[in-house]
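Heads up, the thing below is written out as structure tokens.
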Amino acid sequence: MKTRAFIALDLPEEAINEIKQIQENIKRKFIFTEISSINKENFEKLKKSKFSKKKSENKFSDTFKIKDFEVFDEFSLGKLDYSKFSKKISVPKTLNDRNKVFVRGKYTELENLHLTLKFLGEINNEKLEKVKKRLSELKFEEFTAKLDKIGIFSGKTPRVLWIKLKGADILQREIDNVLEDLFEKEKRFMGHITIARIKYIKEKKELIEYLKKIKTDIRFTVDKFYLKKSTLLPEGPIYEVIEEYPLK
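Counting from 279, one number per residue, gives the positions in the sequence shown under our numbering.
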């Protein structure tokens, strides 16, 4: 039995609220459409349904967790097969502002926001126990972290929208050191929290320029870190705590 494990920091309420506000501001500024994963069975039911322009009138809104239903008003779901569904997108003609930047992606759920200090991958129980023991022996004082600039990891196409977290790099190096004979050290670490994953963007320059203007100054004390496991499901990952490690 293997565990998909990682070491992470959780965020306090004030930091989560700040990120929530940033997500909402981006959504107001741009056309940010979120589409959750839908399995094949539910997709077939979805094809038979008739979409309403008002989310409140759509009986499938809770079942499918799809926001911004108006995106689907301009094409027929009946003409799509399951494999093409997640790729098909259309900007509605009813939009008043046709010059807005159109972004398709998915925000990180607020309860899933975290900073990954080290990703361990799929590890067996023997290795997991060694990790738990090494981390329990780590001595590190609590410290102050700060939410910083916002940016995008991208080559040709942006994929990850993130906010930088300053102050966690020294702890990350210490974790790397105590696990160096079990895992490769991180070649390049930039402490960040994933705000959203992007599938498609029109005019990425405009989004990047907007993100540069966002300023935040949330500081908080980090007094613990966690060893966690992630279970990947079609509707999104589930994170569970394996061990908690207080800082003194």
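Don't be surprised by glycine CBs; every beta carbon is placed ideally from N, CA and C. Quantities reported herein were computed from a predicted structural model and do not represent experimental measurements.
So E404 is in the alpha helix (DSSP H); what residue range does that whole segment cover? The residue you call residue 404 lines up with position 126 of the sequence shown. Counting along the chain, the alpha helix (DSSP H) containing E404 begins and ends at 403-415.
Looking only at C-alpha atoms, which of M279, K507, L287, R306 sits nearest to L425? Counting from 1 along the sequence shown, the entry for residue 425 is found at position 147. The residue with the shortest Cα to Cα distance from L425 is L287.
Do you know whose CA, among K280, P524, Y523, K526, lies nearest E269's CA? Here the chain covers residues 279 to 526 and nothing more, so residue 269 does not appear.
Among K477, E487, N390, E452, which has the Cα closest to the Cα of K506? Here residue 506 corresponds to residue number 228 of the sequence shown, with the count starting at 1. When only C-alpha atoms are compared, the closest one is N390.
Which value, in whole angstroms, describes the spacing of the CA atoms of K465 and L398? Counting from 1 along the sequence shown, the entry for residue 465 is found at position 187. Counting from 1 along the sequence shown, the entry for residue 398 is found at position 120. For K465 and L398, the distance between alpha carbons rounds to 14 Å.
I'd like the list of long-range same chain contacts for I492, defined as Cβ closer than 7 Å, with 5 residues on each side in sequence excluded. Numbered from 1 along the sequence shown, position 214 holds the residue referred to as residue 492. Excluding positions up to five away in sequence, the list reads I300, I428.
Measure the Cβ-Cβ separation of D501 and L525 and say whether it is below 8 Å. Translated into positions along the sequence shown, residue 501 becomes position 223. Translated into positions along the sequence shown, residue 525 becomes position 247. It is a contact, given that the beta carbons lie within the stated cut-off.
Is A293 helix, strand or coil by DSSP? Reading the sequence shown from its first residue, position 15 is the one you call residue 293. Residue state, collapsed to three classes: helix.
Just how far apart, CA to CA, sit K410 and E521? Counting from one through the sequence shown, the residue named residue 410 turns up at place 132. Counting from one through the sequence shown, the residue named residue 521 turns up at place 243. Roughly 7 Å between the two C-alpha positions.
Assign I285 to one of three DSSP states: helix, strand, or coil. Walking along the sequence shown from the start, residue 285 turns up at place 7. I285 falls in the strand class under three-state DSSP.
Near L395, what residues of its chain come up, given a Cβ to Cβ distance below 7 Å and the 5 sequence neighbours on each side ignored? Translated into the one-based positions of the sequence shown, residue 395 becomes position 117. Closer than 7 Å at Cβ, skipping near neighbours: I285, A286, L287, A446, L449, Q450, I453, F503.
Return the CA-CA distance between F498 and R382, expressed in angstroms with no decimal places. Along the sequence shown, read from residue 1 onward, the residue named residue 498 stands at position 220. Along the sequence shown, read from residue 1 onward, the residue named residue 382 stands at position 104. So the alpha carbons of these two residues sit roughly 32 Å apart.
I300 (DSSP reduced to helix, strand or coil): As a working mapping, residue 300 is identified with position 22 in the sequence shown. Residue state, collapsed to three classes: helix.
Does the contact criterion of 3 or more C-beta pairs under 8 Å hold for the segment 511-520 versus the segment 457-464? no
Can you tell me whether I448 is helix, strand or coil according to DSSP? As a first step, residue 448 must be located in the sequence shown, where it is residue number 170. Helix.
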